[in-house]
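Asker: Protein chains in written order, with numbering that gives the first Met the number 0: chain A, 0 to 315; chain B, 0 to 287.
The beta-carbon is built from N, C-alpha and C at its ideal position, and this holds for glycine as well.
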Amino acid sequence: MKHRIVSLVLSRLALALVTAIIVSFAVFFATAMLPGDTATILLGQAATPEAVEGLRKAMHLDDPAIFRFLRWLAGVVHGDLGVSYANNMPVAKLIGGRLINTLKLAGLTAVIAVPLALTLGITAAMLRNTLYDRCLTIAIIGVVSVPEFMIATLAVLLFAVYLNWLPAVSFTSEIRTVHDFARAYAMPVVTLTIVISAQMIRMSRAAVVETLNTPYVEMALLKGASRGRIVLRHALPNALGPIVNAVALSLSYLLGGVIIVETIFNYPGVAKLMVDAVSTRDLPLIQSCAIIFCFGFLLLTTTADVIAILSNPRLR
Amino acid sequence: MTSVTTSAGRKPGPTSLFGYRINAVGVVGALIVTFWIVVAFAAPMIIPHPVGDIVDTDYFGPMSRELWLGSDYLGRDMTSRILMGARYTLGISVASVIIAGASGVTLGMIAAITGGVVDMVLSRLLDALSSIPSKLFSLVVVAAVGSSIPVLIVTMAVIYIPGAYRFARALAVNINTMDFVVVARIRGESLWYLIRAEILPNIIGPVLVDLGLRFVFIVLLLSGMSFLGLGVRPPYADWGALVRENIGGLPYAAPAVIFPSLAIASLTIAINLLIDNLPTKIRDREAS
């Protein structure tokens, strides 16, 4: 049986690799093949045809698309992401610090959201159909059916306008004390936590409810085990796989969330960089940011799937 | 929305709609959705002031008898702007959900009936497409071709094709093995006939419900894009764009920034409530 699980995981990883290639292909073509001649854009309308021609040669723009794609891909693999059109800086340099900022934001959110959401999800499953469970369900429907920017807006209204605890839409780069840190991160983290917790609570609740409906849990109930013991000892170990799967999937919602949250709170991360790059049509920068996001997303969904395979006791 | 909804244990409600029983929460959802549809059609006739006219001497004006929902950052009437915004939010979203649904579901049924290489290639390609986060995809497209209403419609349709495809394919695969389909194949019926007469009628209920949920995602994505300034552009404004325009009023808790948000929330929550409370008979055919 060991053999089967290894081959399943390997085939999932191979699939992820194929997807990664298709996705980078799609991103490259979406940005590089569509209208607008790069050389003309770079040199401006006033450039002479000779200058445009020269630049096209220098940038290998006349090569067949597939060669350009392969050259670009080789560059990405070697860590050379190209040069930004807007300010001639290497893209890798522009992204570096920003990526760390985004990861900080995402990491902090995950550290808060995961334990919180799991506690709420599991307790909701234990107290199924009580007032607590119903209120939580309604709150989740509310959160998943409004756009992320609205949650951010509400957070600003509540914490900055009415309660006056935190500064409204602003991010200061000078962080010296813990207090500064908390003030700068509180609002983005709260918003992101709400966004991803809703999904995580819903999925972990469903996972536990499903195991609570199995015959062996009924057996535990009949033999007189306490409610806590049934959930913690009998149901939870078997729900663990689906729960971890749910966590990884929910974390992939972070990617959509950070794009909005970084823009609203003016947070210097990759997503903000990318939104700005879109308004200046800085293609190399957009390509690289897009690839980073796609790979992050792919990594999380693949992890979720691999965990689901590994945790299936029938395959062990 | 004062009444309480439960996802588990649906009680048969008192109201009946088209011969189906539907409970009170579902009816409230349906009423709100109908309200916005009517507004979207009738907007030019019912708006109290032309959307572009500056009618208030102050900006971010409060709610008053004259201007029900206050005024925006230029002193324009918010009521009119929100009512007109319904046209863009609903119109664009409906157009993309129709395109996404029609192509996704058709491809899904073709894949299920044909099987083999066609099925594998379609599934792999669309899976890859769905592993690009939706906001990112639309950002890249907007970067490449710029933002206009047709581009938005097509982009969001493309984003939600894989989901519609996967859902329809999963249902169609089950129907495809049934005796009446096998018989139809033996009779030598064409692919188009199989799709239209044998498969589609048997999956249409759940597929429409699924498209309803996808519609919610499209509304959210559209609002998000407009909020980033990359969706609907001035002089047009959907609800997301209205929030963006007036975000400067946030520190004063201006009605101009709160009400467009509420409009989006009311529409999406109403659709969710409506779908959650649809009779099981329409909701999932697989369960029965």
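According to the neighbour-count rule (16 or more other Cβ atoms, all chains shown, within 10 Å of its Cβ), is T176(B) buried or exposed?
Answerer: When all chains shown are included, T176(B) counts as exposed.
Asker: Can you have a look at I45(B) and say buried or exposed, based on whether 16 or more other CB atoms are within 10 angstroms of its CB?
Answerer: By the 10 Å Cβ count, I45(B) comes out exposed.
Asker: Check whether chain A comes within 8 angstroms of G223(B), counting only Cβ atoms and requiring the distance to be less than that.
Answerer: It does; some Cβ of chain A falls within 8 angstroms.
Asker: For P227(B), which residues in chain A fall below 9 angstroms Cβ to Cβ?
Answerer: The sequence as given places Leu at residue 227(B); Pro does not occur at that position. Residues of chain A passing the Cβ test: F148, I258, I259, T262, V274 and V277.
Asker: Under the three-state reduction of DSSP, which class applies to K82(A): helix, strand or coil?
Answerer: Looking at the sequence shown, residue 82(A) is not Lys but Val. Correct three-state label for V82(A): strand.
Asker: With DSSP run on the structure shown, which of helix, strand or coil describes D275(B)?
Answerer: Helix.
Asker: On a Cα-Cα basis, can you pick out the residue from L14(A), R280(A), T262(A) and A13(A) that is closest to M149(A)?
Answerer: When each option's Cα is compared against that of M149(A), the closest is T262(A).
Asker: Return yes when the Cβ of L66(B) is within less than 8 angstroms of the Cβ of D52(B), no when it is not.
Answerer: No, these two residues do not count as a Cβ contact at 8 angstroms.
Asker: Measure the alpha-carbon distance for A99(B) versus L212(B) and round it to whole angstroms.
Answerer: Spanning the two alpha carbons is a distance of roughly 13 angstroms.
Asker: Which of helix, strand or coil does DSSP assign to R243(B)?
Answerer: Here R243(B) sits in helix by DSSP.
Asker: Contact defined as beta carbons within less than 8 angstroms: I believe A240(B) pairs with Y72(B). What is the distance between those atoms, to the nearest angstrom?
Answerer: That belief does not hold up - the Cβ atoms of A240(B) and Y72(B) are roughly 12 angstroms apart, past 8 angstroms.
Asker: Can you tell which of A73(A), G81(A), F68(A) and R67(A) has its C-alpha closest to the C-alpha of C288(A)?
Answerer: The shortest C-alpha separation from C288(A) is found at G81(A).
Asker: Could you name the residues of chain B that F158(A) contacts, counting a contact when the two beta carbons are closer than 7 angstroms?
Answerer: The contacting residues do not exist; F158(A) stays about 12 angstroms from chain B at best.
Asker: What's the C-alpha gap between S2(B) and D132(A)?
Answerer: Residue placement at S2(B) is poorly supported in this model, since its pLDDT is 43, which falls under 50; the coordinates are not used for a value here.
Asker: If you run the structure through DSSP and keep just helix, strand and coil, what is D55(B)?
Answerer: Correct three-state label for D55(B): coil.
Asker: Could you pull out every residue in the same chain whose Cβ sits closer than 6 angstroms to the Cβ of V50(B), ignoring the five residues on either side in sequence?
Answerer: Hits under 6 angstroms: S79, R80 and M83.
Asker: Hey, L229(B) and L138(B): beta-carbon distance below 8 angstroms or not?
Answerer: Yes, the pair counts as a contact, with Cβ atoms nearer than the cut-off.
Asker: For I140(A), which residues in chain B fall below 8 angstroms Cβ to Cβ?
Answerer: Neighbours of I140(A) on chain B, chain order: T4, I268, N271, L272 and D275.
Asker: Going by beta-carbon coordinates alone, are Y164(B) and G103(B) separated by less than 8 angstroms?
Answerer: Yes, the pair counts as a contact, with Cβ atoms nearer than the cut-off.
Asker: Does the pairing of the region 242 to 257 of chain A with the region 85 to 92 of chain A give three or more beta-carbon distances under 8 angstroms?
Answerer: With the cut-off at 8 angstroms, the region 242 to 257 of chain A and the region 85 to 92 of chain A do not touch.
Asker: Anything in the region 64 to 75 of chain A with a Cβ closer than 8 angstroms to a Cβ of chain B? List those residues in chain order, please.
Answerer: Answer set for the region 64 to 75 of chain A: empty.
Asker: Can you tell which of S203(A), A154(A), I306(A) and S278(A) has the C-alpha that lies nearest to the C-alpha of F264(A)?
Answerer: It is A154(A) whose Cα lies nearest to the Cα of F264(A).
Asker: Report the residue from L115(A), R204(A), K56(A) and V230(A) whose alpha carbon sits nearest the alpha carbon of Y215(A).
Answerer: Taking only the C-alpha atoms, the option nearest Y215(A) is V230(A).
Asker: Just to confirm the assignment: which complete beta strand (DSSP E) runs, minimum length 3, are found wholly within the region 63 to 128 of chain A?
Answerer: If we require 3 residues or more, the region 63 to 128 of chain A turns out to have no beta strand (DSSP E) run fully inside it.
Asker: Could you work out which residue in A85(B), V120(B) and N276(B) is closest to V208(B) when comparing CA atoms only?
Answerer: Of the candidates A85(B), V120(B) and N276(B), the one whose C-alpha sits nearest the C-alpha of V208(B) is N276(B).
Asker: Less than 8 angstroms between the CB atoms is what I'm expecting for A105(A) and M199(A), so what's the real figure, rounded?
Answerer: Between M199(A) and A105(A) the Cβ distance is about 14 angstroms, and since that is not below 8 angstroms, they are no contact.
Asker: DSSP three-state call for D76(B): helix, strand or coil?
Answerer: DSSP places D76(B) in strand when its eight states are reduced to three.
Asker: Could you check the C-alpha separation between I31(B) and A224(A) for me, to the nearest Å?
Answerer: Answer to the nearest angstrom: the Cα atoms are 47 angstroms apart.
Asker: Could you tell me whether any Cβ in chain B is nearer than 8 angstroms to the Cβ of A307(A)?
Answerer: Judged by the 8 angstroms Cβ criterion, A307(A) is not in contact with chain B.
Asker: Please work out which residues of its chain come closer than 7 angstroms, Cβ to Cβ, to G8(B), disregarding the five sequence neighbours upstream and downstream, and give them in chain order.
Answerer: Residue confidence for G8(B) is low, a pLDDT of 42 falling below 50, so the modelled location carries little weight; the figure read from the coordinates is stated next. For G8(B), where only same-chain residues beyond five positions count, there are no Cβ hits under 7 angstroms.
Asker: For I152(B), which option in L190(B), V180(B), V24(B) and M224(B) has the closest C-alpha, if you only look at C-alpha atoms?
Answerer: Nearest of L190(B), V180(B), V24(B) and M224(B) to I152(B), Cα basis: M224(B).
Asker: Which chain A residues are close to V153(B), counting only those with a beta carbon under 8 angstroms from its beta carbon?
Answerer: Going along chain A, no residue has its Cβ under 8 angstroms from V153(B), so there is no contact; the nearest lies around 13 angstroms.
Asker: Decide if H323(A) is buried, meaning its Cβ has at least 16 other Cβ atoms within 10 Å, or exposed.
Answerer: There is simply no residue 323(A) to check, as chain A begins at 0 and stops at 315 in what is shown.
Asker: If the cut is a Cβ gap below 8 angstroms, which residues of chain B does A25(A) touch?
Answerer: By Cβ distance, chain B contributes A127, L128 and I131.
Asker: When the cut-off is 8 angstroms and only beta carbons count, does L16(A) lie next to chain B?
Answerer: Judged by the 8 angstroms Cβ criterion, L16(A) is not in contact with chain B.
Asker: For the alpha helix (DSSP H) that T262(A) lies in, which residues bound it at each end?
Answerer: Unbroken alpha helix (DSSP H) run through T262(A): L235 to I263.
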